[in-house]
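Quick notes on the structure that follows.
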Amino acid sequence: MMLATTVAAALFVGVLAYAIFGGADFGSGFYDLTAGGSRKGAELRTLVDHSIGPVWEANHVWLIYVLVTWWTAFPESFASAMSTLILPLLLALLGIVLRGASFAFRKYAASLAQARLFGIVFATSSVVTPFFLGTVAGAIASGRVPAEGRGDLWTSWLNPTSAFGGVIAVGTCAFLAGCFLCADAARGGHERLSEQLRRRTIGVGLVTGAVVLAALVPLERDAPTLADGLETQAAPLVIASALAGVATLVLLARRRFSLARVTAVVAVAAVVSGWGVGQYPWLLVDEVTIADAAGARATLQALLVAVGLAAVIVVPALVYLYRLTQTEAWSRPDH
Numbered sequence: 170m171m172l173a174t175t176v177a178a179a180l181f182v183g184v185l186a187y188a189i190f191g192g193a194d195f196g197s198g199f200y201d202l203t204a205g206g207s208r209k210g211a212e213l214r215t216l217v218d219h220s221i222g223p224v225w226e227a228n229h230v231w232l233i234y235v236l237v238t239w240w241t242a243f244p245e246s247f248a249s250a251m252s253t254l255i256l257p258l259l260l261a262l263l264g265i266v267l268r269g270a271s272f273a274f275r276k277y278a279a280s281l282a283q284a285r286l287f288g289i290v291f292a293t294s295s296v297v298t299p300f301f302l303g304t305v306a307g308a309i310a311s312g313r314v315p316a317e318g319r320g321d322l323w324t325s326w327l328n329p330t331s332a333f334g335g336v337i338a339v340g341t342c343a344f345l346a347g348c349f350l351c352a353d354a355a356r357g358g359h360e361r362l363s364e365q366l367r368r369r370t371i372g373v374g375l376v377t378g379a380v381v382l383a384a385l386v387p388l389e390r391d392a393p394t395l396a397d398g399l400e401t402q403a404a405p406l407v408i409a410s411a412l413a414g415v416a417t418l419v420l421l422a423r424r425r426f427s428l429a430r431v432t433a434v435v436a437v438a439a440v441v442s443g444w445g446v447g448q449y450p451w452l453l454v455d456e457v458t459i460a461d462a463a464g465a466r467a468t469l470q471a472l473l474v475a476v477g478l479a480a481v482i483v484v485p486a487l488v489y490l491y492r493l494t495q496t497e498a499w500s501r502p503d504h
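Take 170 as the starting number for the sequence shown in this note's numbering and just add one per residue.
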């Protein structure tokens, strides 16, 4: 059981990393989508391109890591989830592909009309993709994915928990992205843009916080196991998320953008961790536990070795990449 739990924890680290880094990436599309017309939104869209350009492909490493670890360590539960949730997963995958292609193509569009089209596809996909990923999380958390076989293709993700999960995913991504974009705009000397983003990010944070609180009511009936976990073992994380969210709003109001990035990451990390801790020890809630879903012991051991090697080889490179993009160190003469 300890070995299976350790592998599940390693798997969840990938979920957490994708929620934070991929979330900040996806969330930038919300501001792109609501930036206004070509002339009015040009400055903001240029900032979005500058901010996510170096990292948008690297962020999907975490999604690949999660999928490979899940199907290797817990194959039957992976097969059940993929069979049951094939529709939202395909829609999320379509969003990822369209988003990446449009983000690249709009830089080389032959006309303004083409650039607008690619921009709309990029921004819309950036919002749609986290929504569908959130519905997947809601389906698992509400116990609608059976341990074996295939669950209902529609009601598994068209339900109150999945709907709230999708909206919360979009909101947290936008809130996180807004904090990073504010810091990027201020660092680049775009004071007017940073003020505009600051007000919008505060608004997004307030709305998202209200949705999170509102979601606690239907969870009691629609996902009782998760609700019970959030009220007991995950309660400290729920409180930490609320405190970090409030601290972020205060820091944004005081224009302390660098610190706001840190507290925003803590808030999102606490929300996602609260989901994981709240449904522990279930892998598929009310269906199969982590220990029962685990594959062969030798497979789990080999997987942990692979994860350790990846941590040593890949993580330092990603950390260096994020450091360069968040400090603009690459633009200094000594680099």
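We treat Cβ as the ideally placed atom computed from N, Cα and C, and that holds for glycine.
Residue 376 to residue 418, Cα distance in whole Å? The straight-line gap from Cα to Cα measures roughly 12 angstroms.
Flag this pair as yes or no: are the beta carbons of residue 463 and residue 216 separated by less than 9 angstroms? Contact: no.
Simplified DSSP state of residue 171, which is helix, strand or coil: Three-state DSSP puts residue 171 in a helix.
Can you grab the Cα-Cα spacing for the pair residue 494 / residue 352, in whole Å? Approximately 12 angstroms, taken between the alpha carbons.
In this structure, how does DSSP classify residue 502 when only helix, strand and coil are distinguished? Bear in mind that a pLDDT of 49 at residue 502, under 50, signals an unreliable position, so the model cannot answer this.
Pick from 280, 286 and 259: whose alpha carbon is nearest that of residue 272? Checked all of 280, 286 and 259; the closest Cα to residue 272 is 286.
Residue 401 and residue 420 closer than 9 angstroms at C-beta: No, they are not a contact pair.
What alpha helix (DSSP H) runs, 4 residues minimum, are completely inside the region 231–275? Listed in chain order, they are 244–253 and 255–274.
Residue 203 - DSSP class collapsed to helix/strand/coil: When DSSP states are grouped into helix, strand and coil, residue 203 belongs to the coil group.
Is residue 481 helix, strand or coil when you go by DSSP? Helix.
Buried/exposed call for residue 470, threshold 16 Cβ in 10 Å: Exposed is the label assigned to residue 470, since fewer than 16 other Cβ atoms lie within 10 Å of its Cβ.
With a threshold of 6 angstroms on Cβ separation, who are the neighbours of residue 319 within its own chain once the five nearest residues in sequence on each side are excluded? So the list reads 252 and 253, once near-sequence residues are dropped.
Own chain partners of residue 300 with C-beta closer than 8 angstroms, once the 5 adjacent residues on each side are dropped: Only 335, 336, 338 and 339 meet the Cβ criterion.
Nearest-angstrom beta carbon gap, residue 437 and residue 398 [assumed within contact, 8 angstroms]: In fact, because the Cβ distance is near 19 angstroms, the residues do not count as touching under 8 angstroms.
Let me confirm a value: residue 324 is counted as buried when at least 16 other C-beta atoms fall within 10 Å, else exposed. Which label applies? Burial call: exposed.
Inspect the CB distances between the region 241–252 and the region 478–490 and report whether three or more fall short of 8 angstroms. Counting C-beta pairs with one atom in each stretch, the region 241–252 and the region 478–490 have fewer than three that are closer than 8 angstroms, which means they do not touch.
Test item: CB-CB of residue 199 and residue 296 under 9 angstroms: In this structure, residue 296 lies closer than 9 angstroms to residue 199 by Cβ.
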